[in-house]
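There are 2 protein chains.
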Amino acid sequence: MAMAKDRKAQKPVERQADAETRLHDDHHQSVRLWLRMLACTNRIENVVRRNLQAKFATTLPRFDLMAQLERAPRGLKMSELSQRMMVTGGNVTGITDGLEKEGLVMREVDATDRRVFHVKLSAEGQRQFRRMAAEHEQWVIEMFEGISERRKNQLVELLGELKRHIL
Amino acid sequence: MAMAKDRKAQKPVERQADAETRLHDDHHQSVRLWLRMLACTNRIENVVRRNLQAKFATTLPRFDLMAQLERAPRGLKMSELSQRMMVTGGNVTGITDGLEKEGLVMREVDATDRRVFHVKLSAEGQRQFRRMAAEHEQWVIEMFEGISERRKNQLVELLGELKRHIL
DNA sequence: AAATATTAATTGACACCTGAAGTACTTGGC
DNA sequence: GCCAAGTACTTCAGGTGTCAATTAATATTT
């Protein structure tokens with residue numbers, strides 16, 4: 459992706475000795491960081507997606523939704539799912555429809571607010587998710603197994619800070 | 459080998475729910491790392507996508523394809539685009555169709571092999587891409603601007619190693 | 001040269017995802 | 001009580017993405 463040629467800073471930046479140089483380098487630095495992160499994510503995501511398809515005939519979004527529900531035995535509202543999965547509401551509706559049709563999740567009406575649904579894993583959904591989750595963990599571990607424990611810790615820490623910063 | 463939980467007793471502040479919320483305490487560190495990376499990537503991607511839509515009425519895949527072409531003035535084959543964008547060939551066909559219809563790219567036939575196309579940016583495509591790329595760079599820089607230079611360097615380095623390992 | 005295999009790109013079926021518009025319900029001010 | 005504003009979810013159109021099957025051209029084998 460990306461990268462325009464050098465671009466003069468448009469922000470009022472102090473003209474210290476090497477300010478411009480540092481800013482200039484920073485441009486390339488951030489974009490490079492972003493592209494590299496994106497490349498890593500895409501590769502891992504592709505592997506997980508292909509494995510889910512090949513071994514469980516399911517998809518990443520379905521797995522993701524079920525993973526959210528597994529942590530919330532009392533169920534989650536559609537809006538909560540939407541927020542946690544970082545996707546739009548309309549999307550959650552579609553994925554939930556599919557899973558419900560297959561009997562893996564169910565919508566339960568709220569006692570006091572008839573607009574909201576509480577989505578839960580069915581017994582079958584729980585069984586299936588647990589089988590998938592165990593394998594999923596192995597896939598991820600294998601992909602990261604060339605990286606030392608120490609570096610993984612560094613990455614977790616640095617990405618944690620990044621995550622906090624970008625809100 | 460268990461991970462250090464960062465459940466700081468300090469802050470009763472509710473954590474923003476996201477992909478990482480699916481974590482159990484006993485999940486492997488690699489899974490934690492993966493989900494955190496995914497969360498960061500998703501957030502940044504969402505910002506870029508929304509900006510591209512709002513300011514240029516275009517999309518991330520289109521931008522991505524044009525970015526690849528801008529770096530290859532002699533053009534790229536469909537298969538090369540597919541490989542560099544890390545998506546399937548069928549997908550590239552669709553995106554290229556759209557851009558071609560809008561006159562931003564063109565397919566040129568190969569002199570010796572009539573199966574291949576060389577996709578190039580049109581003059582208009584170049585103009586438009588350069589405008590977008592400049593802004594895109596700013597968006598990325600702004601999102602990363604809370605992170606120190608040193609940490610960005612560390613991230614670039616660590617992600618580079620990760621990228622090499624997962625092939 | 002003819003038959004076969006390989007390669008580049010496209011197509012079609014299906015799932016995902018967004019943004020905007022629509023429906024049903026609840027809430028808060030009067 | 002009424003009604004406007006807000007909330008929870010769904011629907012719809014359009015672009016993105018996969019895989020598998022197909023078409024067309026080139027390479028290889030015989």
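In order, the protein sequences belong to chains E and G.
Quick note: to get this note's numbering, add 458 to the position in the first sequence (first position is 1).
Quick note: to get this note's numbering, add 458 to the position in the second sequence (first position is 1).
Glycine is no exception: its CB is placed at the ideal position from the N, C-alpha and C atoms.
Computed from a predicted structure; not experimentally measured.
Distance between residue j and residue i (C-alpha atoms, nearest Å)
i: E/G618; j: E/V577; result: 29 Å
i: G/M544; j: E/N500; result: 8 Å
i: G/V614; j: E/K621; result: 15 Å
i: G/M537; j: G/G547; result: A small correction: the amino acid at residue 537 of chain G is Ser; Met does not occupy that position in the sequence shown. In a straight line, the C-alpha of G/S537 is about 6 Å away from that of G/G547.
i: E/A530; j: G/M564; result: 51 Å
i: E/K513; j: E/V505; result: 12 Å
i: G/V598; j: E/L625; result: 14 Å
i: G/A569; j: G/D555; result: 21 Å
i: E/E600; j: G/Q511; result: 37 Å
i: G/S606; j: E/V489; result: 14 Å
i: G/D571; j: E/A592; result: 48 Å
i: G/F587; j: G/A581; result: 10 Å
i: E/E560; j: E/A515; result: 12 Å
i: E/V493; j: G/L562; result: The question names Val, yet the displayed sequence has Leu at residue 493 of chain E. Taking the straight line from one Cα to the other gives about 23 Å.
i: E/R589; j: E/Q596; result: 12 Å
i: G/R608; j: E/R609; result: 16 Å
i: G/G552; j: E/R508; result: 22 Å
i: G/V567; j: E/N549; result: 40 Å
i: E/R573; j: G/C498; result: 32 Å
i: G/A525; j: E/R532; result: 46 Å
Beta-carbon proximity check, residue i vs residue j, cutoff 9 Å
i: E/H623; j: G/G604; result: yes
i: E/L518; j: E/E503; result: yes
i: E/L534; j: E/G583; result: no
i: G/L496; j: E/F602; result: no
i: G/R585; j: G/L557; result: no
i: E/Q487; j: G/L616; result: no
Residues bridged to residue i [DSSP beta-bridge criterion]
i: E/E566; result: E/H576
Residue i CB to nearest heavy atom of the ligand SAH below 8 Å
i: G/L616; result: Judged by which ligands are present, the structure shown has none, so any question about the ligand SAH falls away.
Would you list, in sequence order, the uninterrupted beta strand (DSSP E) runs of no fewer than 3 residues that lie entirely inside the segment 509 to 551 of chain E? none
Does the contact criterion of 3 or more C-beta pairs under 8 Å hold for the segment 528 to 542 of chain E versus the segment 566 to 583 of chain E? yes
Which whole runs of the alpha helix (DSSP H) in the segment 589 to 622 of chain E are 4 residues long or more, in chain order? none
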